[in-house]
Each structure stands twice: as C-alpha cells, then as structure tokens.
Amino acid sequence: MYLTLNGFKISRMSRSSASSVVSSVGALKLERAAITVRGLPLLAMAFQTLGIIYSDIGTSPLYVLNGIWSNSGDSPPKEDVIGGVSAIVWSLTLIPLLKYVFISLHYGTYEGEGGSFALFQGLYPPRAFEAAPTRDSVAASQGGEHQMNKRRAPEKLRWVFLIWSLFGTSLAMADGVLTAAVSVTSAVGGIAVAKPEVAQDAMPISIAFLVALFIAQPFGTARLASVFAPITCCWLLLLAATGIFNITAFPGIWRAYDPSRAVMYFVRTKNYDTLAGVLLAVTGCEALFANLGQFNILSIQLSFGAFAYPALILAYLGQGARLIQDGPSVIANVFYLTIPGKANGPLFWILYVFAILATLIASQAMITATFSLVQQLVNMKSLPPFRLVHTSEKIQGQVYIPAVNWTLMVGTIIIVVAFKDASKLTNAYGFAVSTVMFTTTALIALQTYYVKQMPIIIAVVFFTVFGFFDGLFWGASLKKVPAGAWVPLMIGLILLALMIFWNWAKGLEERFDVTSRQNLGRFLVISEKPVSKQQRGA
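No gaps in the numbering here: position 174 of the sequence shown is 202 in this note's numbering, and each next residue is one more.
Written out as structure tokens, the structure is:
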C-alpha cells in the first residue's frame, strides 16, 4: 500500500495504517507537558526558584513598615506595632503560603503554565477534534484529550471571563514595571542613612542598576538563576539572622501570631488605610503563580514553605520588636535603622549591598513572569507574535522576548524619573497587585467547579474566604488611585485594549480560515499499486 500526496509517493504501508494517517491529519497536536523532576534535580530547581521568584516578595521588608507608619510621623504605640505586624504575618500565611503555594499552583495548565490567563485557558480549552487545526490552534493546544473534553464554563460568558482574565494579566504586567522601580529605588535610597550627602544621587544610581539588569536578560532564566539564587539565599539568611537578633530586644513581639491582635488593631485605630501598607508585604505573590511555567509545583512549594516564608516572618517580627523598643530613633527608615550595629558599620554595608542586589533580582521575578505571560497570550492569539527566544534546551517555558524586555526597561526608567522618591512610588504600588489577586481568586473558584469537578460549595467557600481578604486589600489600595495608582491602571487598560482588539481580529481570521479550508484528505490517494512514472509526471 502506498500513500501519495498530489501524485508523489510518500511511503509503503498497510491499508489500515494509511487510513489511520489520513484520519489523523486533522487531529495533529503539538503537546507540551509540565516539568517533572524528583530527588536532587528537584532540590536544584527549588534552589533556582530563589533567584527568580522570591526576590520580589523577599525585598518587601525594605519598605513595608514605613508603608504602614510614615517615616515622617510619630512612632506608633506598642499595641499598634504588635497589631500591624500580626496583620503582616497572617497576610503572608493566608495569601502567599496557603492560597498561592498550596492551592493556586495546582490550577496551572496541563503544560505547567500559571497566571490569570492560564486560569482562563483552563476554563475554555480548545475542544478535541472540534475542527481541523490551523497554525494557531496547534500552538494553542492545552495538552491531551483528557483536558480538552472536560466540562466547560458557559459559552455565553466566554467574553466576560476573557476580558476579566486579560485585565488581570495586563495589570500583572503593569505591576512588573512598578516592582522594578519601587524595589531598586527603596534599596538604593538607604544610602541616605549612612551618607546623607549623596542622597540626591540615588535616582541615577537606580537607573544604572536597572539598565544593567535588562541588558542581562538575553542570558536566559537558567543562567541568571544560577547567579541570582545564591544572592537571594544569602539575602534571606541575612533577613532571618537580623530578625532573630532584633526579636531579643522585645520577645513579646511573638504575640503577633495571635490573629486577634490584627483585628483589634484595625478596630481600635479605625485606620483602614494602613491595610494598603500591609498589602506591600504580599506584593510578588502573583509571581509565584505566573512563574510556574519556569519551574514546577514541588520546587516552588519546597523553597517557599521551608525557606522564604520563615525568613520573612522572622524579619518582620524583628523589625516590629525594634520599633517597639527604639521607636523614635528608627521610624525614619525602619529597615536600615534596625540593622544591628552602627549605621555606618560593616553589617550595614553588607546588608546594603545585598539589598541592592536582591531588589535587582526582585525586578527579575516580574520580568520573567511577564515573559511567561506574554508567551501564553501569543499562543492564545491575544497578542501579536513577538519573537521568542528559547533560552533552555530542557524547559520550554523559559523564554526571552526582546521587544517586551526593552519596553519594560523604558517604562521602568520613566516611572523612576517621574516619581523620583521611593515613598511616592509606594503610593502607586499595590492597586494592580490587589486587583490581580481578586481576579485570580474568582477564576480559581470557577475552575474548582467547572474544571476540577468539585461540589459548588467548595468553590463558594474558597471565593468567600479569599475573596473577602482580597476585597479588603483592593478597597484600601483603591484610595491610592489619585495619589499614583492611576499609573498601573492606565498601563493595564492600554494593554487590555490591545489584547481585546488582537483577540477579536484573530477570531475573524480564524473564521475565514475555517470557511476557506480544504480538507487534506482530498489530496491524498490510497492505492494498492506503486505510482508509475507517468502518474508522477502528470
């Protein structure tokens, strides 16, 4: 039996094999699966996550307490400090640890991608054998038939959920611009504590560091992680060590683990706005989910639960203890002024250098997450086909996108120049994060019912619990819109408009392709005899 295409002999095979080839041409899929490693490779990958994912949330101790209590205000009383630190501790426990690390990571796509748009892909995956594939539907395939044939969300709500997920994704990318600006500016600004005379040089120094970071992106995630992971590891160890030392100044700070302290703090002060400062402690938790395609679930759970989370808790408890003990003398810059030793001592400069390096790596977390999100959006026809450079031979999700990289660099520099001061930047920071957090909660609740096939009560409970906390953060950060949060909102709306337009235009192209497509089977001829020279010539 010979299979011929337009008169050219392809191969000799049985009739059943040839028929199978013809029938399966329309079912061609390009499948990609999540990363699976065990043992030492898993530990190595967990170590790599330190250099890509956790620097964002890991550098929050630089500015969180001054985000709650202004550096130009009075030192807060002891009970307020315990209550504020309690709010930080439980926010870190409920949102990054519980919601993201132990729940959200299990809602990635079959391919191992995470983020808001990945949740939409789970709700509306391409149906298997629904139609002959186009060049785009092959790229957008979400894995095997086992995922494609699951119960789907109502088709009439597809555009509602699409716009919702695209808005969350666009804000996550807008947050990437602010993350770099806030983190690096906060770290470099610490030089004013030891060298006040060079404080005016903080902005150009910040820009120089940021430019160097973006120039390094073509080296790829794996190479950058091999350099960044040891730095972040040392940074988190330094945070934990200084935290333990500072806790000895006031061991009573451990009462912050009582959640009622956080509740009573807001009841007593009636200062709901300080919740926007607490939110700064969990900015970067979305990077845990968005960077899933770069690593895998176990590596992220291991590195955060066993290392990053305890180090951050100790750091905040230590800062709170010193703020209670030495309030007026450290309120101007809680992080740098609570470093043990003199303000110009060796430990100060060690932490200062690592703070700058860690904040550069924090920017890396959102840059890498943005690359992953753009790759998803391109595959699902919601963004133009940017040139993607695969930087790893083993992990398909590790990519570098030149156009996105340079756009982020320009946007970050503009933000740094426009806001100038780290305290002003924190006003713009947080709104995008809280909006994305709420979007993720809603989409996970929908996936719980439609994709995971769980009882609706589980989805309702999940949305009620985590939606309540996300809503509190969103309401507090909404007040920041006039003070600077309009910047990420504007960036997000512009990106959303582009994505909606591109998705609509590609839909028109797809429908045209479907109506104009010719079945490949019309050109395939199955015969019992070899093709003659005359037939080939014809």
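Glycine included, C-beta positions come from ideal geometry on N, C-alpha and C.
Where do the ends of the alpha helix (DSSP H) carrying residue i lie?
i      : result
Gln149 : 144-151
Gly333 : From DSSP, Gly333 is part of no alpha helix (DSSP H); its letter is neither H nor E.
Leu526 : 514-544
Ile235 : 230-243
Asp84  : 83-86
Val489 : 484-506
Ala284 : Premise fails: Ala284 is in no alpha helix (DSSP H) and is neither H nor E.
Lys106 : 106-120
Ala390 : 374-407
Asn324 : Counting along the chain, Asn324 falls outside any alpha helix (DSSP H), and DSSP gives it neither H nor E.
Arg66  : That residue, Arg66, is in no alpha helix (DSSP H); it is neither H nor E in DSSP.
Tyr478 : 459-478
Ser198 : 186-216
Tyr128 : Note, Tyr128: premise wrong, no alpha helix (DSSP H); not H, not E.
Ile96  : 92-96
Gly305 : 303-307
Tyr364 : 362-365
Ala318 : 313-318
Nearest CA to the CA of residue i: which residue from the options?
i      : options                        : result
Thr213 : Ala236, Leu330, Asp203         : Ala236
Phe490 : Gln475, Gly142, Gln392         : Gln475
Ser410 : Ala257, Ser198, Gly495         : Ser198
Thr302 : Tyr380, Ala72, Asn94           : Asn94
Gly312 : Tyr128, Trp514, Met518         : Tyr128
Ile110 : Lys370, Ala397, Tyr293         : Tyr293
Asn299 : Ile352, Ile233, Thr121, Asp108 : Asp108
Gly67  : Val381, Ala284, Ser327, Ala209 : Ser327
Arg415 : Trp263, Leu133, Tyr428         : Tyr428
Are the beta-carbon atoms belonging to residue i and residue j less than 8 Å from one another?
i      : j      : result
Ser114 : Arg289 : yes
Ala460 : Leu238 : no
Leu307 : Gly86  : no
Phe189 : Leu151 : yes
Ala393 : Ile80  : yes
Asn99  : Asn361 : yes
Ala383 : Ala215 : yes
Thr543 : Trp192 : no
Leu71  : Met201 : no
Leu267 : Pro89  : yes
Tyr82  : Thr260 : yes
Asn319 : Ala390 : no
Phe335 : Leu316 : no
Leu405 : Met518 : no
Leu133 : Gln329 : yes
Which value, in whole angstroms, describes the spacing of the CA atoms of residue i and residue j?
i      : j      : result
Phe145 : Gly355 : 44 Å
Ser462 : Ile275 : 30 Å
Ile96  : Ala309 : 10 Å
Phe399 : Val432 : 7 Å
Thr387 : Leu78  : 13 Å
Leu471 : Glu314 : 14 Å
Gln228 : Leu379 : 21 Å
Ile359 : Tyr477 : 47 Å
Ala277 : Ala343 : 13 Å
Ala240 : Val117 : 34 Å
Lys184 : Ala244 : 45 Å
Lys534 : Leu122 : 39 Å
Pro279 : Val479 : 47 Å
Ser165 : Met408 : The predicted position of Ser165 is uncertain, since its pLDDT is 40 and thus under 50; no value can be drawn from it.
Gly143 : Arg186 : 18 Å
Gln76  : Val515 : 32 Å
Return the bridge partner residues of residue i from the DSSP annotation.
i      : result
Val417 : Tyr428
Spell out whether any CB of chain D is found under 8 Å from the CB atom of residue i.
i      : result
Leu345 : The chain inventory of the structure shown lacks chain D, comprising one protein chain alone.
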